[in-house]
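Taking numbering that gives the first Met the number 0, the leading residue of the sequence shown gets 0, the next gets one more, and so forth.
Everything below concerns the one structure shown next.
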Amino acid sequence: MLKIQNYIDGKFQDALSGKWIDNYEPATGKVYSHIPDSEEADLQLAYQAAKKAFATWSKLPKETRSSYLYKIADGIEKRFVSYFGSKLYYFVKKLIII
0 MLKIQNYIDG
10 KFQDALSGKW
20 IDNYEPATGK
30 VYSHIPDSEE
40 ADLQLAYQAA
50 KKAFATWSKL
60 PKETRSSYLY
70 KIADGIEKRF
80 VSYFGSKLYY
90 FVKKLIII
């Protein structure tokens, strides 16, 4: 079963509580993955990491920031089909373009 982790401070990690929530496919009602049951402590870690990163990120030229964001988007798009299947990929792509 796919476990989707939090991404905090450049690392994928489970919720500090170690708890998971079932993630249901709405069309079938079947569990297709588990997501972290994040609590306030997880949010505080994410907030502190974002606050620390902002100092460096905000000083980068807008072209550099844009380049990073496009690379992230490309990575998501490349992995989308392997996670969700090609039919959903083309459906979502069509929705975004319209």
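Heads up, the beta-carbon is just placed ideally off N, CA and C, and yes, glycines get one too.
Could you please give the first and the last residue of the uninterrupted beta strand (DSSP E) stretch that includes residue i?
{"i": "K51", "result": "Here K51 belongs to no beta strand (DSSP E); instead the alpha helix (DSSP H) covers 39–56."}
{"i": "K10", "result": "10–12"}
{"i": "I20", "result": "19–23"}
{"i": "P35", "result": "30–35"}
{"i": "I7", "result": "5–7"}
Nearest CA to the CA of residue i: which residue from the options?
{"i": "K2", "options": "K77, N22, G9, L42", "result": "N22"}
{"i": "G17", "options": "S37, G28, S32", "result": "S37"}
{"i": "K29", "options": "M0, Q43, F11", "result": "M0"}
{"i": "K10", "options": "E62, A48, T55", "result": "A48"}
Can you have a look at residue i and say buried or exposed, based on whether 16 or more other CB atoms are within 10 angstroms of its CB?
{"i": "I97", "result": "Low per-residue confidence applies at I97: pLDDT is 47, beneath 50, and the placement is therefore not dependable, though the value from the model is reported in the following sentence. Label assigned to I97: exposed."}
{"i": "P35", "result": "buried"}
{"i": "K61", "result": "exposed"}
Residue j and residue i - do their beta-carbons sit closer together than 7 Å?
{"i": "D41", "j": "L15", "result": "yes"}
{"i": "A52", "j": "I7", "result": "no"}
{"i": "Y31", "j": "E24", "result": "yes"}
{"i": "W19", "j": "H33", "result": "yes"}
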